[in-house]
Structures are given as structure tokens and as C-alpha cells.
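Numbering (the working numbering), first residue to last: 1 to 269.
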């Protein structure tokens, strides 16, 4: 694995995780990570009973104490994963201006009142139509928001579709995916190499290798690495595959963020 950095991970501050932050840090040290960044979920106006919000003061107090405790063993950073919806722009801007985040992931978890995690999102239409609508909504969110650093798991929807990624490819949706990538590049935003796709049995990261290659081909320069881990056993998941994917896609480096400032780490450093 080398000294790769996990810049997408969750703890029990996220509604969908029960893992203590300290357990994640100890696992990161065990794996030999150089950096790790907590990106717990904030999804305002989430449509179901789960509340993807938490006490931000407690979050910073807890993580800052752990950051100090383990400072000689690993660099711990404090981020957030925002579930974007166009009408939430001002509310998220207020949140981000109120706390000193190191890193912000923008993600699409809810599309017109539905989370593609649940089957009802796909009812009454083809899988292609559902997936294409998801990508159109990603683009709508990118058009509406500027205050994020990278876009998370751009093809999140394929984790949960009726056939997952059996009938999915970059080429099949290249019309809308290229527009997404071009808009991210125009805004100076990055993407992530999210290894949870391997955990979900897709055989590929999110987004797929082809999308990462296309982002680079179009002029994209910013890429972070994340496991999307919600348990300690998911931290650094399949990171041994990451260097080859990056190099094949045209990257000889990856990025980390501190105080919303980008840093570049060479793969062989």
C-alpha cells in the first residue's frame, strides 16, 4: 500500500456508521497511512427517517483531541461530505464559513427526493433512464455549487441499480459524463478515486477507470483517494490497486487537502 492517504471515511458521527473515530485512526496507523481525513455525512433535507446531521462542535472537539493525541503517528484531518441538492447552496455555504474544515467532498445522494440506494428510485422506468437522470442531477449540483474541493463517487448510482454495473459503461453515458467532467475542470474541482466500488463487488472503483482517464485527458488535475470506509475493516480498502489505476490514467501523484489548500504527493515519494 505504501503511504497512501484515505480522504473519504466515516465514523459514528455519520448516521450510517457505528465506528468510533479513534478506532479508524488506530486502523490507519496499523495500515501505515500517512494522512487520513474524516468526511462524515451532512445531508440536509434527506427524505427518509435517517438524519444525516450531527453536532459540529462535538465533531471538531473530538477530532481535534484525537488529532493531537496521535500527531506523532499519523496526520488526521477534518472534512465533511455534503449531500448536495441545488436548493441547499446557501445553507451549506453558511456551514462551511462557520467551521475550519480541511476538505469538502460534494456528493449526490438524493435525486428529486429519492436516494438511489433504495429500490423505489428505479421503479417505473428503465435502468438507463434512472442512471442518466442521476448523472443529469450531478451536473445540476455542480452548476449550483462552488464550495467543495472534489466530487465524490460520481457514479454512485451504479452501486445500487437493479443490475448494478452489468450494463453500465462510461461510453454508454459519455454524453452527460463528459459534461460533468468538463464543468468540474472549468471550476477547478477534483474527483476522487473511491475504492468502495471494489467492496460492493463492481470490480471497479467509483468512478470507473475510464472516467478517471477521461477526466485527466480533458485536463483534470486534482484527484484524491478514499475508501468510503464506514468500518475499520474498510479503511484503505484495496488500496494496493490504486497506484496502477492512477498511473494508467495519467497521474503520477495524488492530492490531499489541509485548510482547504491542495497538496500534491508523488506516488513514489
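A virtual CB, placed ideally from N, CA and C, is assigned to each residue, including glycine.
Beta-carbon spacing of residue i, residue j below 8 angstroms
| i | j | result |
| --- | --- | --- |
| residue 177 | residue 193 | no |
| residue 258 | residue 77 | yes |
| residue 134 | residue 157 | yes |
| residue 5 | residue 41 | no |
| residue 180 | residue 225 | no |
| residue 235 | residue 28 | yes |
| residue 195 | residue 205 | yes |
| residue 35 | residue 75 | yes |
| residue 237 | residue 198 | yes |
| residue 190 | residue 228 | no |
| residue 127 | residue 155 | no |
| residue 113 | residue 47 | yes |
Limits of the unbroken alpha helix (DSSP H) element including residue i
| i | result |
| --- | --- |
| residue 142 | 127–144 |
| residue 70 | No alpha helix (DSSP H) contains residue 70, which DSSP labels as neither H nor E. |
| residue 182 | 174–186 |
| residue 30 | 21–31 |
| residue 209 | 209–217 |
Whole-angstrom distance between residue j and residue i, CA atom to CA atom
| i | j | result |
| --- | --- | --- |
| residue 124 | residue 106 | 28 angstroms |
| residue 72 | residue 169 | 43 angstroms |
| residue 222 | residue 18 | 31 angstroms |
| residue 215 | residue 85 | 23 angstroms |
| residue 263 | residue 70 | 21 angstroms |
| residue 61 | residue 175 | 44 angstroms |
| residue 244 | residue 252 | 9 angstroms |
| residue 55 | residue 98 | 13 angstroms |
| residue 63 | residue 185 | 31 angstroms |
C-beta neighbour in chain D for residue i, strict 8 angstroms
| i | result |
| --- | --- |
| residue 207 | In summary, chain D is missing from the structure at hand, where a single protein chain is found. |
Whole-Å CB distance - residue i paired with residue j, under 8 angstroms assumed
| i | j | result |
| --- | --- | --- |
| residue 104 | residue 147 | 7 angstroms |
| residue 161 | residue 131 | 6 angstroms |
| residue 102 | residue 79 | 5 angstroms |
| residue 22 | residue 66 | 6 angstroms |
Terminal residues of the beta strand (DSSP E) in which residue i lies
| i | result |
| --- | --- |
| residue 253 | 253–258 |
| residue 224 | 223–226 |
| residue 107 | 103–107 |
| residue 82 | 75–83 |
| residue 155 | Careful: residue 155 lies outside any beta strand (DSSP E) and carries neither H nor E. |
| residue 92 | Note, residue 92: premise wrong, no beta strand (DSSP E); alpha helix (DSSP H) at 89–98. |
Per DSSP, cross-strand counterpart(s) of residue i
| i | result |
| --- | --- |
| residue 262 | 257 |
| residue 43 | 52 |
| residue 192 | 224 |
| residue 6 | 36 |
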